[in-house]
Every structure is written in C-alpha cells, then in structure tokens.
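Asks:
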Ligand SMILES: Nc1ncnc2c1ncn2[C@@H]1O[C@H](COP(=O)(O)OP(=O)(O)OP(=O)(O)O)[C@@H](O)[C@H]1O
Ligand SMILES: [Mg+2]
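In full-length UniProt numbering, the protein residues as written are 1 to 240.
1) For the alpha helix (DSSP H) containing residue 41, list its first residue and its last residue.
2) Can you have a look at residue 8 and say buried or exposed, based on whether 16 or more other CB atoms are within 10 angstroms of its CB?
3) Per the DSSP calculation, residue 6 is bridged to which residue(s)?
4) Give me, in chain order, the residues of the same chain whose beta-carbon lies closer than 6 Å to that of residue 127; leave out the 5 immediate sequence neighbours on both sides.
5) When every heavy atom of ligand 2 is checked, does at least one fall within less than 8 Å of the C-beta of residue 115?
6) Tell me the rounded alpha-carbon separation between residue 279 and residue 125.
7) Give a yes or no on contact between the segment 33 to 45 and the segment 200 to 207, applying the rule of three or more CB pairs nearer than 8 Å.
8) Grouping DSSP H, G and I as helix and E and B as strand, with all else coil, what is residue 103?
9) Can you name, in chain order, every residue of its own chain whose Cβ lies under 8 Å from the Cβ of residue 241, other than the five neighbours on each side?
10) According to DSSP, is residue 164 helix, strand or coil?
11) If you count every other CB in all the chains shown that lies within 10 Å of the CB of residue 110, and 16 or more means buried, which is it?
12) In the DSSP output, what is residue 81 paired with across the bridge?
13) Taking the beta strand (DSSP E) that residue 202 falls in, what are its first and last residues?
14) Just the residues with CB closer than 5 Å to a heavy atom of ligand 1, in chain order, which are they?
15) Determine whether the beta carbon atoms of residue 210 and residue 158 lie at a separation below 9 Å.
16) Hey, quick one: how far does the alpha helix (DSSP H) through residue 191 stretch, first residue to last?
17) Report whether the distance from the Cβ of residue 21 to the nearest heavy atom of ligand 2 is below 8 Å.
18) By Cβ distance below 6 Å, which residues in the same chain neighbour residue 161 in space, the five residues on each side in sequence not counted?
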C-alpha cells in the first residue's frame with residue numbers, strides 16, 4: 001500500500017471535520033473522493049499533506065508513519081498537492097511558478113519541466129507570462145504542473161476542474177489519466193463526480209466527515225443512491 005489513512009479524526013477548534021476516516025491508495029491507482037460541500041474532502045487532503053494536524057489516527061506512506069512529519073518533508077518524500085483555489089504565485093512568471101515546485105529538490109528538474117510542458121502546451125507557450133494574468137483554467141494547469149515538478153509519487157488534486165468550461169474540464173480529466181498512465185498515483189477530490197468516477201479505479205464517498213461508501217469507481221456510477229445524490233439524479237443516461 002502506497003498511502004494508508006487509518007481512522008483519522010481532525011478538528012477545527014472544537015468542531016470535528018473528520019470523524020474516523022480510513023482510505024487506502026495503492027501504487028498506480030487513481031482514487032477519487034466524492035462528497036457534498038463541507039463533507040471533509042479538502043480537510044482530508046490537507047491532513048495527508050500535513051497542512052492540518054490529526055487529533056487521532058494514523059497516516060502511513062510507503063510503510064512509514066508520517067502522521068507527525070512536517071509538510072515540506074512529506075513533499076520531499078513524494079506527496080505532491082495541487083491545492084483548492086489554485087494558489088499560484090501571481091507575480092511570478094509561469095516558468096518561475098513551476099520552478100517553485102522543484103526548488104527543494106537536489107536533482108535537476110529539467111525532465112519534469114519538459115514533461116509538464118508536454119502535458120500542458122499552453123504553459124510552454126506562456127512560460128514568460130505573469131501567473132496572475134493567466135486565465136482561470138490556465139492557472140489551474142499551472143497549479144497541477146507545479147505539483148508535478150515536485151516529482152510526486154502520489155499527486156493530491158483538490159477540485160482540478162473547478163470553474164472550468166466543459167471542454168477544458170474534459171481536457172483536465174484526460175490529462176489526469178495521462179499523468180497516471182505515466183506512473184503517478186493520484187488521489188482526486190471532485191465535485192464533478194461523474195467524470196471523476198469515469199477516470200478513477202476506486203472511489204470513496206464522504207458524508208459529514210465519514211466514509212459512507214467505498215467501491216470500484218465504475219460500480220458507483222451505477223449505484224442508485226450515488227446517482228441520486230452526486231450524479232444529478234438522472235435516469236441512467238450517460239451524457240458525458
Ligand atoms: N479553517 C476552518 N475553520 C473552521 N472550520 C473549517 C475550516 N475549514 C473547513 N472547516 C469546516 O470543516 C468541514 C469540512 O470542510 P472541507 O473544506 O474539508 O469540506 P469539502 O468537502 O472540501 O467541501 P467543498 O466541496 O465545499 O470544498 C466543513 O464543515 C467546514 O466548514
Ligand atoms: Mg473542498
């Protein structure tokens with residue numbers, strides 16, 4: 001098991017945001033976490049990357065307990081995150097933003113830079129443009145690209161399709177698949193449940209800080225309660 005989250009509890013002040021969440025991510029998988037607003041998806045990712053402390057429970061990465069390891073060390077060990085709301089450096093150029101992802105590495109990031117530019121030709125075309133002037137979708141690509149520059153073993157993606165036009169949403173999902181095909185494990189949080197389930201191997205459904213369901217992703221696409229709650233309650237017509 002590459003990443004194992006065991007019975008984690010996380011609080012904001014006295015309020016419990018995660019109430020005993022357990023998630024496993026195997027090497028090579030795309031695992032998706034779906035759930036309503038406020039369910040605890042972002043909190044789960046932030047806890048894995050070390051931005052939120054655990055109240056109890058355990059996080060194991062490559063067989064080692066990382067529950068108390070500092071966030072920047074987790075990045076170095078291979079946990080890369082593209083945060084919700086993008087969080088790029090607006091005053092830096094595209095290429096400078098990408099190098100911010102690799103600055104802690106001792107080896108040359110040239111190979112990853114070339115890969116990022118191959119995955120996102122738009123970033124290559126705009127490499128000298130200031131990040132803050134990139135469009136929303138372009139900034140989203142930049143945030144993912146920057147996370148890839150850390151050379152992650154597992155990439156945590158928080159709503160990469162948020163706010164994007166349908167064509168770009170489809171493009172982002174196909175890039176996620178490509179990143180996975182090239183060998184990076186992905187833990188994906190998405191509101192866009194249908195497309196997330198189509199690209200993922202396995203999925204967890206989070207409700208008010210607890211996992212209420214876990215299954216192969218394609219099974220959840222056909223699950224009546226998942227369809228009703230997260231796939232628009234449609235009549236089983238696949239429009240994607
Ligand atoms: N900084 C914070 N302070 C207090 N409460 C917080 C904080 N961040 C999140 N919460 C609460 O924790 C719960 C889980 O939030 P979280 O952001 O993890 O949800 P989410 O599943 O990512 O939702 P969304 O789909 O809206 O992004 C929510 O009830 C939220 O209000
Ligand atoms: Mg969130």
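Yeah, the Cβ is synthetic: ideal placement off N, Cα and C, and Gly gets one too.
Treat the numbers as computed from the prediction; the structure is a model and nothing was measured.
Replies: The structure says:
1) To locate residue 41, count along the chain shown from 1; it is residue 41. Looking at the DSSP string, the run of the alpha helix (DSSP H) that includes residue 41 is 41 to 49.
2) For this step, residue 8 is matched to residue 8 along the chain shown. By the 16-neighbour rule on beta-carbons within 10 angstroms, residue 8 is buried.
3) In the chain shown, residue 6 corresponds to position 6, counting from 1. Residue pairing for residue 6: DSSP places it in a beta bridge opposite 58.
4) For the purposes of this step, residue 127 is identified with residue 127 of the chain shown, where counting begins at 1. Excluding positions up to five away in sequence, the list reads 94, 95.
5) As a working mapping, residue 115 is identified with position 115 in the chain shown. It does not: the Cβ of residue 115 is nowhere closer than 8 Å to a heavy atom of ligand 2.
6) No answer is possible for residue 279: it lies beyond the span of the chain, which begins at 1 and ends at 240.
7) Segment contact: the segment 33 to 45 against the segment 200 to 207, three or more CB-CB distances shorter than 8 Å; contact assigned.
8) Residue mapping note: residue 103 aligns to position 103 of the chain shown, counting from 1. Here residue 103 carries a coil assignment [DSSP, helix/strand/coil].
9) Nothing about residue 241 can be reported from this structure: the residues present for the chain run from 1 to 240 only.
10) The count along the chain shown starts at 1 and reaches residue 164 at position 164. In this structure, residue 164 counts as coil in the three-state DSSP scheme.
11) For the purposes of this step, residue 110 is identified with residue 110 of the chain shown, where counting begins at 1. By the 10 Å Cβ count, residue 110 comes out exposed.
12) Position 81 of the chain shown, counted from the first residue, corresponds to residue 81. According to DSSP, which records beta bridges pairwise, residue 81 is partnered with 156.
13) Here the question's residue 202 lines up with position 202 in the chain shown. Unbroken beta strand (DSSP E) run through residue 202: 202 to 207.
14) Selection around ligand 1 by beta-carbon proximity, strictly under 5 Å to any non-hydrogen atom, yields 12, 17, 37, 38, 39, 40, 41, 42, 43 in chain order.
15) Residue numbering aside, residue 210 sits at position 210 when the chain shown is read from its first letter. Residue numbering aside, residue 158 sits at position 158 when the chain shown is read from its first letter. Their beta carbons are not under 9 Å apart, which means residue 210 does not touch residue 158 by this criterion.
16) As a working mapping, residue 191 is identified with position 191 in the chain shown. Counting along the chain, no alpha helix (DSSP H) covers residue 191, and no H or E run does either.
17) Here residue 21 is taken as the residue at index 21 of the chain shown, counted from 1. Residue 21: no, Cβ never under 8 Å from ligand 2.
18) Residue numbering aside, residue 161 sits at position 161 when the chain shown is read from its first letter. Excluding sequence neighbours, residue 161 sits near 169, 172, 192.
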